[in-house]
Amino acid sequence: MKKLGLLPKLIIAIILGIGIGSIHNEFLVKLLATFNGIFGNFLGFAIPLIIIGFVAPGIGDLGKGAGKILGITAGIAYLSTVVAGSLTFFTNSVIFPYLLTPGSMNLVNAENPEHSLVKGFFEVQMPPIMGVMTALLIAFTLGLGIAASEGDTIKKFMKEFQGIVEGLISNIVIPLLPFHIAGIFANMTYAGQVATIMSVFAKVFALILLLHFTVIIVQYFIAGTLAGANPFVLVKNMIPAYFTAIGTQSSAASIPVTLKQTKKNGVNDGVAEFVVPLCATIHLSGSTITLVSCAMAVMMLNGMTVTFNSIFGFILMLGVTMVAAPGVPGGAVMAALGLLETMLGFDQTLLSLMIALYLAQDSFGTACNVTGDGAIAIMVNRISGYKLNKNDNINKKVA
1 MKKLGLLPKL IIAIILGIGI GSIHNEFLVK LLATFNGIFG NFLGFAIPLI IIGFVAPGIG
61 DLGKGAGKIL GITAGIAYLS TVVAGSLTFF TNSVIFPYLL TPGSMNLVNA ENPEHSLVKG
121 FFEVQMPPIM GVMTALLIAF TLGLGIAASE GDTIKKFMKE FQGIVEGLIS NIVIPLLPFH
181 IAGIFANMTY AGQVATIMSV FAKVFALILL LHFTVIIVQY FIAGTLAGAN PFVLVKNMIP
241 AYFTAIGTQS SAASIPVTLK QTKKNGVNDG VAEFVVPLCA TIHLSGSTIT LVSCAMAVMM
301 LNGMTVTFNS IFGFILMLGV TMVAAPGVPG GAVMAALGLL ETMLGFDQTL LSLMIALYLA
361 QDSFGTACNV TGDGAIAIMV NRISGYKLNK NDNINKKVA
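Note that the working numbering gives residue 158 to position 158 of the sequence shown, counting from 1, and the numbers run on in steps of one.
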């Protein structure tokens, strides 16, 4: 089992959960619900720590070597993330009414008792040390302070704290996640809701993939237009990076291949070596598409109000809070849990469902992120005054 990847483990957990829920053994379901309650409360306790551990060091790192190219790269990456999220909202607003039946899941604030999930044998309260907004403000303050300060004491402390949080996710949250997901699906099957989820989200996932491909084409169309190159040839050269990201589920682990293919597209070596590693931590257009789509679907299925104002605010904050999400599966959704809770009103059950849905698409979202990094490198290359080199290893400044 240790050799299995996270996605196969989650698939097995979902199948087992559905099987346990189908036999209508209330004792087993309550036992799993007890574990889910403890795990969910621990996750709620950890959310502020995750936000501070991810966001503060991420913002602090942006101050390293600050200059024009940093500002340009960060601006384009953030704009790409926001545009991808906005495109996702408007596309889903048109298509989801044909795919989803509003209120058909009723997992949150259910008025009908027969639709409510089974409660555990007992509950262990684990109140977080601070609210999500307080954690965000502390993270922003520390991050900006680290970026502006010449000292490195706080920076080293936050880097060590980030390592602790990453260890918390990789050694506790991720290993226990399959059991948590099994419990969630057992409970939903017992409550008669799993059929709705399984039938609907296959269509939602297909739409997410189409949105990924659309955003990649748009990114390379813009990059190709700026650089005077064929966008489809540029995309073709990035295919190895795309499939590497699918296999690793990590933008950071894909950097060597992304860098190689970006240089193959003719980007100046210095520009590529700066932009690609930076975008691996700040450019998350694919992850944003997945998170926005899954969140909108869950909200509509639960009869929750979905408005552009709420979703757009969520998108704007995603572009900041997912900065420097670690290279572990699910890093982006872990960083987004606080926003899902405070801005969209998700409870622990819906947060757990979001984790499961996001991780099922994590590889493809990461692949979209990584492929888009190459497009941003081409844009920055042109804005910096370089032409794409096709014939030799020397990039020439534009006259």
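Built from N, CA and C at the ideal position, the CB exists for glycine as well.
Query	Result
Start and end residues, alpha helix (DSSP H) containing M354	Q348 to I383
Own chain partners of P277 with C-beta closer than 7 Å, once the 5 adjacent residues on each side are dropped	I255
Contacts around N237, its chain only, beta-carbon distance under 7 Å, and the 5 residues preceding and following it disregarded	Q261, K264 and N265
Cβ shell of M317 (< 6 Å), same chain only, five flanking positions each side left out	L339
C-beta atoms of N381 and V271 nearer than 8 Å	yes
Nearest-angstrom Cα separation, counted from M158 out to I11	35 Å
Residues near K9 in its chain [Cβ-Cβ closer than 6 Å; skip 5 each side]	P178
For K387, the first and last residue of its enclosing alpha helix (DSSP H)	Note, K387: premise wrong, no alpha helix (DSSP H); not H, not E.
Simplified DSSP state of D269, which is helix, strand or coil	helix
Helix, strand or coil at Q162 [DSSP, three-state]	helix
Residue from M126, G21 and G44 with nearest C-alpha to L350	G44
Local Cβ density within 10 Å of D373, reported as buried at 16 or more and exposed below that	buried
Local Cβ density within 10 Å of H115, reported as buried at 16 or more and exposed below that	Confidence is the limiting factor: at H115 the pLDDT is only 42, short of 50, which leaves the residue's position unreliable and the question unanswerable from this model.
Exposed unless 16 or more other CB atoms sit within 10 angstroms - verdict on M133	exposed
Beta carbon of P48 nearer than 8 Å to that of Q162	no
Whole-angstrom C-beta distance between G17 and G183, which should lie under 8 Å	7 Å
Residues near S86 in its chain [Cβ-Cβ closer than 6 Å; skip 5 each side]	none
Close-in-space but distant-in-sequence residues of the same chain around I14 (CB under 8 Å, 5 per side omitted)	I181, A182, F185 and A356
Contact set for A139: own chain, Cβ-Cβ below 7 Å, skip 5 residues either direction	I51, I52, V55 and A56
Contact check, F364 vs G303, beta carbons under 8 Å	no
8 Å contact criterion, which I289 and V215 should meet: CB distance rounded	7 Å
Buried versus exposed call for F89 [16 or more other C-beta atoms within 10 Å across all chains shown]	buried
Neighbourhood of M130 by C-beta distance below 8 Å, restricted to the same chain and skipping five residues each side	P48 and I138
Residue of A147, A360 and F42 minimising C-alpha distance to P128	F42
Beta-carbon proximity of L344 to A295, cut-off 8 Å	yes
Buried versus exposed call for T101 [16 or more other C-beta atoms within 10 Å across all chains shown]	exposed
For I383 and K68, the rounded distance between their alpha carbons	10 Å
Between the CA atoms of N25 and S80 - distance to the nearest angstrom	48 Å
Alpha helix (DSSP H) segment containing H283, residue limits	Counting along the chain, H283 falls outside any alpha helix (DSSP H), and DSSP gives it neither H nor E.
Cα-Cα separation, V257 to V370	10 Å
Residues near I20 in its chain [Cβ-Cβ closer than 6 Å; skip 5 each side]	L28 and A186
Secondary structure of S86, DSSP reduced to three states	helix
Boundaries (first-last residue) of the alpha helix (DSSP H) holding S250	First-last for S250: undefined, no H or E at that position.
The alpha helix (DSSP H) enclosing G331, as first and last residue numbers	G331 to M343
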